[in-house]
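Keeping their order, the protein sequence lines are chains A and B. Note that the first sequence ends on residue 518 in this note's numbering; no numbers are left out. Note that the second sequence ends on residue 568 in this note's numbering; no numbers are left out.
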Amino acid sequence: MAKQRQRWGSKIGIILAVAGSAVGLGNFLRFPVQAAQNGGGAFMIPYFISFLLLGIPLMWIEWTAGRFGGGFEHSTAPGIFHSMWRKNRFIKYFGVIGIFGPMIIFIYYTYIESWCLAYSVFSIIGKYKGFTTQAGMTDFLQGFQGLVQNQHFNGLGIAYLFFVITFTLNIIVVYYGIKSGIERLCKIVMPILFVFAGIIMIRVLTLGAPNISMPSWNSINGLGFLWNPDFSALKDAKVWLAAAGQMFFTLSVGIGVILTYSSYLRKADDVVLSGLSAAGTNEFVEVILGGSIIIPAAFAFFGPHGVVEVAKGGAFNLSFVTMPVILGHIPMSAVFGFLWFGMLFLAGVTSSISLAQPAVAFLEDEFNLNRKWATCIFGMITFLLCQPVIFLLGKGVVNELDFWGGTFCLVVFAAVEAIVFAWIFGIDKAWDEMHHGSAMRIPRVYKFIIKYITPLFLLLILFFWFIQDGIPVIMMRGVEDGLKPYVLGTRLGLVAIFTVLCVLVKIAWKKRKMATYH
Amino acid sequence: MEKEKNGYLSLKGDVVNIGGWIFMILSWSFIIALNVFCFSRVFGSRHGKM
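Here it is, written out as structure tokens:
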């Protein structure tokens, strides 16, 4: 007897699930730093152009392609691409990226997510209370990560415990399925995330001038650091690339996750308004909430010179070093520390469950496993794959996984996906498919944008990104000699995982063909 | 205005200038309007339920 396909319970459920997938640590950490580093307010010009020409079209493409593939009982990119391009025998192997990419990100993302959970607990119990300098907090973080042994931690035990809790929580949610697990969690967690972020934002913007001898060092003036435009930045191609890249990463497009989520829609369900709503929710969290917390707070405490150094230190430094120091200076620091790290944890968990779903769905659909077995198999495999991330932190493993799973695969996958959708599937058929059951009409100009502009934009990003970032990473420029064996080992591991997934696709299609024949 | 360059990670002054307020207000307004447009339709139509 055929299995009954899982479905979303409500429209707001899938919107919050997709928005939850998109809203992650990057909304609060990556965006403000990118904006500050790339021209402030002027950065928002290429940012919103990318939103209109890249983000929204890719959202609609993925929602539509996913729902279309779901009609053929496929929830993952190999099957969905095959449904759209039946004459091509190889496109399904290309679709493997849509399972491989999220799985690789899941491997390191859950570990980083577990740090947020740990730090939220540390805030409440006052474990890092009293660290008033960034050097002290850096020492605390490195002890927690097991990079050094110090008076705070004498090993990886605590970090490992929080990792196991976080990992198990993720697996339990996925185990309960789309409606009872993922949708239910997102409906609870997303409003809480908004409340936490709103409270922190209000607190930051009402900080005033903490240093009474420096009245201009206040959080409202800190907004100037993020928003005052530097128009000379617009002449620089790197700034445009950074804006397009930020748009890409923030919306969770090009990973394969939205394809999988939308495959659980019915043919008559809307994708146009839902896709736009999910994108809008993500932008609200990123620009309004994310842009009003970390940079203004750092400006108020460290001043204009200090915030330059802080922003240059990168996103993790901001989150786990700078922010605890800042929050330690304000009344009720334990509560605000809990809210900050709790918010990051909630943002992380709604993303990581979405990263787990494609691989689980692949096992369910293509190997006819029931959901519980598929989740258990996924859990066991990824738990083992997480171990190098934990025990080899600082050896370049996470950077490699992030480059291949979280960057390279995204850009390549999105470019091919857009071309297959607009050119192979055909823009007229695609346009009709998008509007099937839609709650609103898409402006006609988007037919032109989806066919020409978005694929061209993606190919340009791919080209410039490959020249600027891809080649140096592939050639291991800047990697210490001692770390090269770890980097090469990680690459071999990734090739092995990708190959296994390709073999699984081949076996699944062979089985499907045999079943059809009989 | 003091301006110390670190790429484009500049000081951009000690206060929010007119350009900063304009960009912030326009960006926030666009995003809020987009969300109001979307969610008023999501909750206000029969499409609110699957």
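Cβ coordinates follow ideal geometry from the N, Cα and C atoms, glycine included. Small disclaimer: the values here were computed from a predicted structure and weren't measured.
What runs of the alpha helix (DSSP H), each 4 residues or longer, lie entirely inside the region 141-205 of chain A?
Qualifying alpha helix (DSSP H) stretches, in chain order: 157-175 and 184-205.
Go ahead and pull the three-state DSSP assignment for A:Asn519.
Beyond the ends of chain A as shown, which are 1 and 518, falls residue 519 of chain A; an answer cannot be given.
Skipping 5 residues on each side, what residues in its chain have a beta carbon closer than 7 Å to that of A:Ile293?
Phe28, Ile200, Met201 and Val204.
With 8 Å as the threshold, decide whether the Cβ of B:Gly562 is near any Cβ in chain A.
For B:Gly562, the answer is no, since every Cβ of chain A falls outside 8 Å of its Cβ.
Could you give the C-beta distance for A:Cys186 and A:Ala17, rounded to a whole number, given that I count them as a contact under 8 Å?
Contact flag correct, Cβ pair sits at about 5 Å.
Taking A:Ala233 as the reference, give the member of A:Phe448, A:Met440 and A:Ala36 with the closest Cα.
For A:Ala233, the nearest C-alpha among the options comes from A:Ala36.
What residues in its chain sit with their C-beta under 7 Å from that of A:Leu459, if we drop five residues either side in the sequence?
Here the set comprises Ala415.
Please say whether A:Phe421 and A:Gly61 have beta carbons closer to each other than 8 Å?
It should be noted that the sequence gives Ile, not Gly, for residue 61 of chain A. Yes, Cβ-Cβ distance for A:Ile61 and A:Phe421 is below 8 Å.
Output the boundary residues of the alpha helix (DSSP H) element that contains A:Trp431.
Ile427 to His435 is the span of the alpha helix (DSSP H), which, as asked, contains A:Trp431.
Measure the CB-CB distance between A:Gly79 and A:Glu366 and report whether it falls below 8 Å.
Cβ atoms of A:Gly79 and A:Glu366: closer than 8 Å.
Give a yes or no on whether 8 Å exceeds the smallest Cβ distance from A:Ile178 to chain B.
By this cut-off, A:Ile178 is not an interface position.
State the Cα-Cα distance for the pair A:Ile91 and A:Gly181, rounded to the nearest angstrom.
When rounded, the distance between both Cα atoms is 31 Å.
Would you check if the distance between the CB atom of A:Val505 and the CB atom of A:Val96 is smaller than 8 Å?
Contact: yes.
Taking 8 Å as the threshold (C-beta atoms), are A:Tyr264 and A:Trp8 in contact?
Yes, they are a contact pair.
Looking at the C-beta of A:Lys235, does it have a partner C-beta in chain B at a distance below 8 Å?
It does not: the Cβ of A:Lys235 has no partner Cβ on chain B nearer than 8 Å.
Which one of A:Ser277, A:Phe383 and A:Gln246 has the shortest CA to CA distance from A:Val33?
Residue A:Gln246 is the option with its Cα nearest to A:Val33.
If A:Asn38 sits next to A:Ala243, beta carbons under 8 Å apart, how far is it from one beta carbon to the other, in whole angstroms?
About 7 Å separates the two Cβ atoms, so the contact holds.
By how many angstroms is the C-alpha of A:Ser219 removed from the C-alpha of A:Phe464?
Whole-angstrom Cα-Cα distance: 36 Å.
If you drop the 5 nearest sequence neighbours on each side, which residues of the same chain put their C-beta closer than 6 Å to that of A:Gln142?
Hits under 6 Å: Val148.
Let me know the secondary structure DSSP gives A:Tyr264 once reduced to three states.
Note: A:Tyr264 maps to coil in three-state DSSP.
Nearest to A:Glu480 by CA position, among A:Pro443, A:Pro455, A:Gly394 and A:Gly437, is which residue?
Minimum Cα distance to A:Glu480 is reached at A:Gly394.
Near A:Ser83, what residues of its chain come up, given a Cβ to Cβ distance below 7 Å and the 5 sequence neighbours on each side ignored?
Around A:Ser83: Phe68, Gly69, Phe72 and His74.
Under three-state DSSP, which class holds A:His329?
It is coil, neither helix nor strand.
Are the C-beta of B:Ser545 and some C-beta of chain A separated by less than 8 Å?
Yes, contact with chain A.
Select from A:Phe225, A:Ser252 and A:Thr350 the residue whose C-alpha is nearest the C-alpha of A:Val307.
Of the candidates A:Phe225, A:Ser252 and A:Thr350, the one whose C-alpha sits nearest the C-alpha of A:Val307 is A:Phe225.
Should A:Phe144 be listed as close to the ligand COA, given that the test is whether its C-beta is under 7 Å from any heavy atom?
This structure lacks the ligand COA; in fact it carries no ligand of any kind.
Taking only beta-carbon atoms, is A:Glu62 less than 8 Å away from chain B?
By this cut-off, A:Glu62 is not an interface position.
When we look at the beta-carbon of A:Lys11 and count the other beta-carbons within 10 Å, is it buried (16 or more) or exposed?
With 16 or more other Cβ atoms within 10 Å, it is buried.
With DSSP run on the structure shown, which of helix, strand or coil describes A:Lys395?
Of the three classes helix, strand and coil, the one that applies to A:Lys395 here is coil, per DSSP.
Could you tell me whether the Cβ of A:Trp227 comes closer than 8 Å to any Cβ of chain B?
True, the Cβ-Cβ gap to chain B drops below 8 Å.
Our contact map puts B:Ile549 next to A:Glu283 with C-beta atoms below 8 Å; I'd like the distance itself, whole angstroms only.
Sure, about 5 Å apart at Cβ, within 8 Å.
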